[in-house]
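These notes concern the structure reproduced below.
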Amino acid sequence: MTATGPLTTTQSVREGFDPYAQRAHASPVRFLYGINPLAKLAGPLPAMVLLVFVRDAATPIAFLALSYAILLVGITFTGRLAAILVALPVGAAIVGLGFSLWTDAARVDQSVVVVQIGSWTLYGGALEIGLATGLRIAAIVALTLIAGLSTTGPDLVRATVQQLRVPYRIGYTALAAFRFVPRFGHELDVIRQAHRVRGAHGGRGPFAALARWFGYIVPLMAGAIRHAERVALAMDARAFGAHPDRTERHLVPFRSRDVVFIVLFWTVSAAVFVSLFPWVPA
């Protein structure tokens, strides 16, 4: 049996930095997993800010298409990604319809009438305003998914500590909180099984389900307090926070590819705004 050496920086980068992240190693690794989390946030950020101020439909459509292209090329295609890509335009249509119903009719009463029921009238101008608003929200959400679907919480925490110089006492407290989440899920499963074994089902219906959840809260909180105490004692025993800096075991480097990603994203975003945004009102 051969011994496996330590995880190198290159291997960690190819698998998305976080050594604990669950990914399909048989599938090819897409490029977004190797981009620094801060670069994936900095690239779309100016476009997300500027999209708040646009009122046309063409600009958010362009950024929606750009986000879809990056997601389809940059991360592994899964059923979850397919569901998100389908649900986003559907949600934009629903939100747009809702905004069009709330639009003041006096603002658009010169446009074509689409639906008229009694004294209530839905104008084409209201639909245009609502559609533009829904597309704008969908484009902003799609831009956030570029980082959200290809970055883990621990990766982001490590990047803020290593590149933004956030004090590691704060950063690794957040990292410990990320690790608490799956533990809470496991303890909740154990508590549920214990209640079933003891016959404490509490019946059926919404009130019984609510009563069961109240029964889960006390042991779950007690387990959380015990676990937090153990983590605090372990950190104190290892002199965590006693020194201004610490040696990082898992690196999240900021390299030339990250700079290229940011510059390209900013360039494409500027080109979209310059070419599509209606700078001169009609």
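Here the working numbering is used: the first residue of the sequence shown is 1367, the next is one more, and so on.
The beta carbon of each residue, even a glycine, is placed where N, CA and C say it ideally should be.
Rounded C-alpha distance that separates residue i from residue j
i, j, result
"P1520", "A1636", "31 Å"
"L1467", "R1578", "41 Å"
"A1543", "L1509", "26 Å"
"F1639", "I1591", "51 Å"
"I1460", "P1548", "34 Å"
"V1563", "H1593", "24 Å"
"R1612", "A1603", "15 Å"
"G1445", "T1518", "19 Å"
"L1416", "V1507", "14 Å"
"V1626", "F1550", "39 Å"
"A1598", "Q1559", "29 Å"
"A1390", "T1469", "Low confidence applies to A1390: its pLDDT is 44, below 50, so where it sits in the model is not reliable enough to give any reading."
First through last residue of the alpha helix (DSSP H) which encompasses residue i
i, result
"Y1538", "1534-1563"
"T1517", "Here T1517 belongs to no alpha helix (DSSP H), and DSSP marks it neither H nor E."
"T1469", "Per DSSP, T1469 belongs to no alpha helix (DSSP H) and is neither H nor E."
"I1436", "1424-1440"
"V1631", "Position check: residue 1631 holds Phe in this sequence, whereas Val was assumed. Start and end: 1622-1642."
"V1415", "1411-1417"
Residues near residue i by beta carbon distance below 8 Å, same chain, minus five either side
i, result
"V1439", "R1396, F1397"
"T1499", "V1461, G1462, F1465"
Residue i and residue j closer than 9 Å at C-beta
i, j, result
"L1586", "E1553", "yes"
"R1596", "F1383", "no"
"D1624", "I1401", "yes"
"L1501", "A1449", "no"
"A1413", "F1631", "yes"
"G1491", "Q1476", "yes"
"P1426", "A1513", "no"
"T1526", "L1404", "yes"
"I1495", "R1473", "yes"
"I1628", "A1435", "no"
"F1606", "Y1538", "yes"
"K1406", "S1516", "yes"
Contacting residues, own chain, Cβ-Cβ under 7 Å from residue i (five flanking each side not counted)
i, result
"L1493", "S1466, V1480"
"A1428", "V1638, L1642"
"V1532", "T1526"
Residue span of the beta strand (DSSP E) that contains residue i, given as start and end
i, result
"Y1489", "1486-1489"
Spatial neighbours of residue i in its chain, beta-carbon cut-off 6 Å, leaving aside the 5 residues before and after
i, result
"A1648", "For A1648, the pLDDT reaches just 43, beneath the cut-off of 50, and the residue's location in the model is therefore unreliable, although a value from the coordinates is still provided. Closer than 6 Å at the Cβ level, and outside the excluded window around A1648, lies no residue."
"F1620", "N1402, Q1529"
"L1488", "V1480, V1481"
"L1447", "none"
"H1561", "none"
"V1478", "G1490"
Residues bridged to residue i (per DSSP)
i, result
"Q1482", "T1487"
Cβ of residue i within 9 Å of any chain D Cβ
i, result
"T1444", "In the structure shown, chain D does not exist; there is a single protein chain."
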